[in-house]
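Residue numbers (our numbering): 19 to 620.
Ideal placement from N, C-alpha and C gives every residue a C-beta, glycine not left out.
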């Protein structure tokens, strides 16, 4: 169909649609739209006023005001020039050309570039090509303001398999309907393919970069994070505000939140990485064969590393510093919860790299946080050498099952502490209190307590009194519930759950063998601890527990790259191939054989 026929068909479909259905679908579209990072990141909404049974953009304007955003609407002057003008309510609108509501003449003109524009259209296709109303106003406006994010809203009946288009047409960056989000195949040069190509282009520069230069760059980045901390904290505060409004659990909010101390910790982690020995180029062995060949093993960068992670924005800085020091390029895809924080941190790092004459594309952030983009990212094996997921069990499982790129699997942390019969009670209580309550939203927090039954009656009431200071809910088996008042009866699900909350499961056992069986059954291979004075039991626990980190008389909270002396970590691997436990620089290198000869032939 041509544009004329398409416009007529859409007019017919609009007339046939029930007003109640159009209103319900408008609400669905608005709810999808306000969940987008592009909306949450915007300070200003540039919105046309709906007419002719269009998607009800007035609902979106009302929501934007409620979310403390500025709103501007378009008005066309006598010369046919369209501009946007600030409005504070729908009362600031008057009927204009063709009966369409426009800002009153006394409304101030909009001068903000950091806005999000709603792009109208009669019809669209699966590639976001657009048939407009014929005036060309929005195309001309976007030509003058190319940096404005522009998204279209439409009912599903406005979407056709194909619509006519011209090469110079400006496409919306996405189309939101009541059923789905449609993105063009090539939204901009920042597609995944382009990100992959840029990463590969930057890789040779990092591969041959000397240690001195790498360290200078890292120190400059650390200083930049401190210098720009107010900018980063401002963006993070918006992420936290949105998360709380959406009902995020306290443990997850804690993971998301940045403070000046945490940014200082990020910067210090980068400085520690700069101070660490550079593994790249190290020859770890050199042996002479009977034929005179000298064969050695030399550490080399992995290449391009992909990171998929969730709510912890500090991962952005940690991943960059470790990958960079090990000579790797990194492509980051963070979660939507930390979108603004990740964008801010990445922007600061890229600016610092440019100031040091280093390719900015040594670190790139995929700004589209949709599931479709994540799935597409996992297929980029022609550009990405290894993929590291870091987050909840669902994310990690999805990456392991769907990626075409080799995966280093990081795990969730259902960490246990076993209080043995001979344990020092004061020590055990201090360790458990620290491991459970210092930070509840981290993977090395204690989630489950195992107690020898001979001491449960004496020990558990004392422990509960201490944990009550932090209002920790304890969920115990029958013997635990009988030993102390106020425990909740545990279910089978509790033994294998990572709470990330002020909750602790309590299991009683007859001996250390039963404790080991229970822990190995329910743990996630992360960190496990025993509190004991018995040397034989300590050694038995160390030898028989299957986990990346096993402790005697210490908190599980130490499973961390910083605490292990790595400076930072890119994740904690719970698998057994390539790397296990906190992954520092060595885990981000591979190797190659180097062979010296003197004319040998075979």
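Enclosing beta strand (DSSP E) for residue i [first to last residue]
| i | result |
| --- | --- |
| residue 102 | 100 to 105 |
| residue 408 | 404 to 408 |
| residue 466 | 464 to 470 |
| residue 119 | 119 to 121 |
| residue 319 | 312 to 319 |
Cβ pair residue i, residue j closer than 9 Å
| i | j | result |
| --- | --- | --- |
| residue 546 | residue 563 | yes |
| residue 460 | residue 598 | no |
| residue 181 | residue 70 | no |
| residue 342 | residue 497 | no |
| residue 299 | residue 318 | yes |
| residue 520 | residue 407 | no |
| residue 285 | residue 335 | yes |
| residue 493 | residue 524 | yes |
| residue 224 | residue 587 | no |
| residue 614 | residue 315 | no |
| residue 139 | residue 349 | no |
| residue 394 | residue 257 | no |
| residue 589 | residue 287 | no |
| residue 330 | residue 392 | no |
| residue 66 | residue 136 | yes |
| residue 156 | residue 100 | yes |
Residue from the options whose Cα sits closest to the Cα of residue i
| i | options | result |
| --- | --- | --- |
| residue 402 | 417, 321, 520 and 104 | 321 |
| residue 24 | 94, 177 and 72 | 177 |
| residue 32 | 45, 141 and 100 | 141 |
| residue 443 | 458, 481, 423 and 472 | 481 |
| residue 110 | 116, 215, 548 and 92 | 92 |
| residue 58 | 594, 83, 44 and 346 | 83 |
| residue 293 | 329, 37, 229 and 307 | 229 |
| residue 134 | 422, 291 and 79 | 79 |
| residue 127 | 331, 537 and 95 | 95 |
| residue 143 | 108, 62, 199 and 162 | 199 |
| residue 434 | 426, 538, 508 and 81 | 538 |
| residue 87 | 76, 62 and 100 | 62 |
| residue 577 | 99, 602 and 291 | 602 |
| residue 103 | 85, 113, 117 and 124 | 124 |
| residue 278 | 548, 479, 332 and 101 | 332 |
| residue 154 | 163, 188, 129 and 179 | 188 |
For residue j and residue i, the rounded distance between their alpha carbons
| i | j | result |
| --- | --- | --- |
| residue 485 | residue 451 | 6 Å |
| residue 416 | residue 46 | 27 Å |
| residue 64 | residue 89 | 6 Å |
| residue 28 | residue 175 | 7 Å |
| residue 470 | residue 533 | 8 Å |
| residue 365 | residue 571 | 42 Å |
| residue 323 | residue 68 | 45 Å |
| residue 575 | residue 259 | 28 Å |
| residue 43 | residue 244 | 46 Å |
| residue 6 | residue 121 | With the chain running from 19 to 620 in the structure shown, residue 6 is simply not present. |
| residue 557 | residue 591 | 23 Å |
| residue 74 | residue 431 | 46 Å |
| residue 428 | residue 30 | 54 Å |
| residue 54 | residue 146 | 17 Å |
| residue 582 | residue 105 | 56 Å |
| residue 115 | residue 262 | 43 Å |
| residue 76 | residue 26 | 25 Å |
| residue 206 | residue 609 | Note that residue 206 scores 41 on pLDDT, short of 50, meaning its location in the model is unreliable and no value can be drawn from it. |
| residue 618 | residue 423 | 38 Å |
| residue 600 | residue 426 | 12 Å |
| residue 148 | residue 183 | 7 Å |
| residue 302 | residue 312 | 13 Å |
| residue 306 | residue 548 | 46 Å |
| residue 283 | residue 112 | 54 Å |
| residue 158 | residue 85 | 29 Å |
Delimiting residues of the alpha helix (DSSP H) encompassing residue i
| i | result |
| --- | --- |
| residue 218 | 210 to 225 |
| residue 532 | 530 to 540 |
| residue 56 | 55 to 59 |
| residue 433 | Note, residue 433: premise wrong, no alpha helix (DSSP H); beta strand (DSSP E) at 433 to 437. |
| residue 272 | 268 to 274 |
| residue 496 | 496 to 501 |
(request) Taking 8 Å as the threshold, find out whether the stretch 465 to 484 comes into contact with the stretch 508 to 520 through three or more Cβ pairs. (result) yes
(request) Count the C-beta pairs between the stretch 365 to 383 and the stretch 234 to 243 that are closer than 8 Å, then say yes if the count reaches three, no if not. (result) yes
(message) Counting beta carbon pairs with one atom in the stretch 404 to 421 and one in the stretch 436 to 454, are three or more of them shorter than 8 Å?
(response) no
(message) Does the structure place the stretch 432 to 440 close enough to the stretch 498 to 509 that three or more beta carbon pairs sit under 8 Å?
(response) no
(message) Within 8 Å, do at least three Cβ pairs link the stretch 353 to 364 to the stretch 380 to 391?
(response) yes
(message) Three Cβ pairs or more, each shorter than 8 Å: is that satisfied between the stretch 154 to 172 and the stretch 187 to 199?
(response) yes
(request) May I ask you to verify whether the stretch 296 to 315 touches the stretch 342 to 356, counting CB pairs closer than 8 Å and requiring at least 3? (result) yes
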